[in-house]
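What follows is a short report on a single structure.
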Amino acid sequence: MREWYEEIWRELPRDLEPEAAAPRRAFLMEGVRPGDRVLDVGCGDGYFTAVLAEIGARPVGADVAEAALERARERHAEGDYVRILPHGPWPFGDAAFDVVWAGEVLEHVADTERWLNEARRVLRPGGTLLITTPNVGALRRLRAAPDPRGQHLRFYTRRSLRELLHDMGFTEIGVQASHGTLMATATR
0 MREWYEEIWR ELPRDLEPEA AAPRRAFLME GVRPGDRVLD VGCGDGYFTA VLAEIGARPV
60 GADVAEAALE RARERHAEGD YVRILPHGPW PFGDAAFDVV WAGEVLEHVA DTERWLNEAR
120 RVLRPGGTLL ITTPNVGALR RLRAAPDPRG QHLRFYTRRS LRELLHDMGF TEIGVQASHG
180 TLMATATR
């Protein structure tokens, strides 16, 4: 799986702006304060890691693909970046972060239970999980179907995402839909 993501990042054009960047950026900025230690898991080329640094947070970018991390280091050279295993434990201590940010990541995760357990583990008590993921409910309304040949392994509606986060032990869960994207906040 890692090699697959390496190939994707080698082939993607450089300096792409993330899909729905402006609303996702606004959502992220609402949930992070200057000084917060933030894990940007699935950081890709570091677009949002750099945004986090700009607002005074202390981000760590993490990704499964070294090719993505190389691009992140080019974008934001003073950033802190770590390669993580697709299915293994994350190399961070318990309660190491105030916020875990996963922008357009959860839909790519095969073992969501393990992934969310890791997110809870690295969040401090009272810490915040921020997630964006495509809104499959919007696709249904448009009578479109997710592409079975695409990179997405899971598809969420507002209800299914809220229930998943609740079942995984998160509290104070809020899920909103905007620009075809679900934006969720949850507390450890």
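Here the numbering used here is used: position 184 in the sequence shown is 183, and no number is missing along the way. Backbone N, C-alpha and C fix where the C-beta goes; we use that ideal spot for every residue, glycine too.
Leaving aside the five residues that flank residue 113 on each side, the residues in its chain whose CB is nearer than 8 angstroms to its CB run, in chain order, 86. When the beta-carbon positions are compared, residue 123 and residue 96 come within less than 8 angstroms of each other. Of all C-beta pairs linking the stretch 61-81 to the stretch 37-53, three or more are shorter than 8 angstroms, placing the two stretches in contact. Along the length of the stretch 54-130, whole alpha helix (DSSP H) runs at least 4 residues long occupy 65-74 and 111-121, reported in chain order. Along the stretch 5-43, the alpha helix (DSSP H) occurs as fully enclosed runs of 4 or more residues at 20-30, listed in sequence order. Rounded to whole angstroms, residue 16 and residue 110 show a C-alpha spacing of 28 angstroms. The beta carbons of residue 156 and residue 179 sit about 12 angstroms from each other, so the pair does not count as a contact at 8 angstroms. Remark: C-beta atoms of residue 167 and residue 119 approach each other more closely than 8 angstroms. Counting of Cβ neighbours within 10 angstroms places residue 165 among the exposed residues, the total staying below 16. Straight through space, the alpha carbons of residue 26 and residue 169 are spaced by roughly 19 angstroms. Annotation for residue 34: 55, 56 and 57 place their beta carbon closer than 8 angstroms to its own, counting only its chain and skipping 5 residues before and after.
The C-alpha of residue 175 is placed about 15 angstroms away from the C-alpha of residue 21. Note that the stretch 62-76 touches the stretch 3-13; at least 3 beta-carbon pairs, one per stretch, sit closer than 8 angstroms. Counting along the chain, residue 173 sits inside the beta strand (DSSP E) bounded by residues 170-177.
Closest in alpha carbon position to residue 42, among 101, 185 and 128, is 101. If you look at residue 158, you'll find it in the alpha helix (DSSP H) that goes 157-166.
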